[in-house]
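Only one structure is covered here, and it is reproduced in the block below.
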Amino acid sequence: MIEEIYLDNNATTKISDKVLEEQCRILKNYYGNASSVYYLGKESNKIIENARVNIKRSINAAADDRLIFTGCASESNNSTFFSAINCFPQKKHIIVSAVEHLSVLSTAMFWKEKGYEVTVIGVDHDGKLNIDEFKKCLRKDTLLVSIMFANNETGVVFPIKKLVEVAKNIAPEVLFHTDAVQAIGKIPVDVKELGVDYLSISGHKFHAPKGVGALYIRNQAPFKPFIFGGHQERNLRAGTENTASIHAMGIAALDIEYLIEKSKNNEKLRDFMEEEIEKIEDIMIIGKNSERLPNTSNISMKNMRIAELLLGLSREKIYVSTGSACNSKSIGTSHVLTAMDVPKEYQQSLRVSLSSYTTGAEINAFIKEFKKIIKKLRRK
Ligand code: PLP
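Heads up, the sequence shown is in this note's numbering, so the first residue is 787 and it goes up one at a time.
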């Protein structure tokens, strides 16, 4: 008997038992402030440094690269913009893609209102970025490029390594940031290979708790703090460290290789699900012709009343979402699908995102219920 079926893992993931246990152990026993000089403080500090090593290792960062802990990836993204602008106040040009998470897009728009020139690169029907358009937009005085590793709504993966090469060729001084929130734990992320200057991470997308993130900063890349105050994080991010959550994220990072391995199974389940669902008339799988995350499917139905579909599934305790989680309270059109120029009648879509916990039985139950509800809604 299946209790509930959670297929919204791009919104957030279930904290793993091991991680939860570890988080509770640290919360209970290591309550010292990591900045305190006595034993309890030093122990907290050791725990944080251990987590830093684990997370750096999981993205193949060099020993002298930096990684700061943040409150979330939204903070990591905002910090990157704030830092770049403060490091090079004379440079005024920023490039982002049209399908970024709002924590990048809204930040870019904020700085646009402050007088920055922001170029928003479009994508095609498949969600692919136009590299020629990207080349044309780059200038010697471009300050920052912020382009995500993988899209949270469609799972489409961008060729970050290639984009970094192109960018640094045209504008050697440009700073390159990637929001890798959705890629971590699903596909390999190797900062050495990518050549990025900054990379954002969020714990709750790979079975760590919510409210903890990190920002990778390449050894030579300039960085100025976004939050001022104490001397924590080597003066790069003030605020008493959340020792237990940082530790939990560090423990979760130890499983990243295993999660990537499990993703192959996710891909099989996802592809099977899409095959079954595509048998229904007037269905479109968004981004299917592109390289995608193995766990993500964006299913669009012609003129579908998506709220009713979501509600129907929710009644059966099947949890999926429409577009990104941040938009799920107001079901409007997604800026990602709009950027992909998805026909209006197909702009209401369902995002199904699997995790290492997802089973074949759950996918079968989802397919069955989905077909049943669609049939009912189409009869109305
Ligand atoms: N970037 C992407 C691609 C995301 O999917 C999300 C969360 O949905 C975020 C950033 C924000 O992460 P956080 O919730 O840690 O602020």
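The beta carbon of each residue, even a glycine, is placed where N, CA and C say it ideally should be.
Remark: the C-beta of ASN916 is outside contact range of the ligand PLP, defined as less than 7 Å to any heavy atom. Under DSSP, ARG1078 forms a beta bridge with VAL942.
Beta-carbon to beta-carbon, LYS1103 and GLU1131 are separated by about 30 Å, too far to satisfy the 8 Å threshold.
Between SER1135 and ILE1085, the C-beta spacing is below 8 Å. Annotation: the continuous alpha helix (DSSP H) that includes HIS1121 extends over 1121-1125.
Going by DSSP, TYR1044 is part of the alpha helix (DSSP H) stretching over 1042-1063. The closest heavy atom of the ligand PLP lies less than 7 Å from the beta carbon of SER889.
Around GLY1098, the same chain offers ILE1159 as residues with beta carbons nearer than 6 Å, after the five sequence neighbours per side are excluded. Setting aside the 5 residues that flank it on each side, SER1107 is surrounded in the same chain by ASP794, ALA797, SER1114 and ARG1137, each with a C-beta closer than 6 Å to its C-beta; the list follows chain order. Restricting attention to alpha helix (DSSP H) runs no shorter than 4 residues, the segment 811-890 encloses them at 825-844 and 859-873, ordered along the chain. CA-to-CA, the gap between ARG1056 and SER1083 works out to about 7 Å. Judged by their CB atoms, SER932 and GLY989 are not nearer to each other than the 8 Å cut-off. According to the DSSP assignment, MET1035 belongs to the alpha helix (DSSP H) that extends over 1029-1039. Taking 7 Å as the cut-off, the C-beta of GLY999 counts as close to a heavy atom of the ligand PLP. In the DSSP assignment, GLU903 falls outside any alpha helix (DSSP H) and lies within the beta strand (DSSP E) extending over 903-907. Shortest gap from the CB of SER1141 to any heavy atom of the ligand PLP: 7 Å or more.
Less than 8 Å divides the Cβ of ASN864 from the Cβ of THR893.
Counting only the Cα atoms, ILE833 lies some 33 Å from VAL943. Comparing alpha carbon positions, the residue from ALA1125, ALA847 and ASN1081 closest to GLN968 is ASN1081. Here LYS1154 is exposed. Its C-beta has fewer than 16 other C-beta atoms within 10 Å.
Ranked by Cα distance from PHE962, the first of ASP976, LYS991 and ILE946 is ILE946.
Within a 10 Å sphere around the beta-carbon of ASP983 sit 16 or more other beta-carbons, which makes this residue buried. Counting every other CB atom within 10 Å of its CB across the protein chains shown gives ARG1023 a total of 16 or more, marking it as buried.
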